[in-house]
Amino acid sequence: LRAGLPEVVAGADRLNRTVRWVHAGEVPNIASLLKGGELLLTTGLGLGARPAEQRAFVRRLADRSIAALVVELGPRFGRLPASIVDAARAAGLPLVQLHREVP
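Heads up, the sequence shown is in full-length UniProt numbering, so the first residue is 1 and it goes up one at a time.
Below, the structure written as structure tokens:
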């Protein structure tokens, strides 16, 4: 992840969570596949286009008790929308943005 120039934008006080599994996914219903403790990597394709969809996506992940959400900035998001950042902060979910593509 270091190669992606990570920046913690929410939940820095909860970065000590245990990561049970690393999962990459781009589908809107990814939360239903998670059991808790996952580090979810995404480019944001499944996060929705509207702020309400984005907030709901983050809430569903938090409800599944994932360890953290990592979003690679790029074609989908040049910067993370406030709706995603605010939802992660409200849920206490660690949110990391990667400033560079990680192959």
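Where a beta carbon is used, it is the ideal one built from N, C-alpha and C, also for glycine.
query: With distances taken from CA atoms, which of E26, G92, V8 and A62 is nearest R79?; result: V8
query: Check whether the Cβ atoms of I30 and G46 lie closer than 8 Å to each other.; result: yes
query: Contact check, A10 vs L95 under 8 Å by CB: the rounded distance?; result: 4 Å
query: Taking the C-alpha atoms as reference points, what is the distance between A3 and V19?; result: 19 Å
query: Determine the direct distance from the alpha carbon of P103 to that of A52, and round the result to whole angstroms.; result: 30 Å
query: With H, G and I counted as helix, E and B as strand and the rest as coil, what does DSSP make of residue 163?; result: With the chain covering 1 to 103 only, the question about residue 163 has no answer from this structure.
query: Helix, strand or coil: which one does DSSP assign to L41?; result: strand
query: Can you check which of these residues, T43, A68, R55 and V85, is closest to P75 by C-alpha distance?; result: T43
query: My assumption, with CB atoms under 8 Å, is that L61 sits in contact with L40. Please give the rounded CB distance.; result: 7 Å
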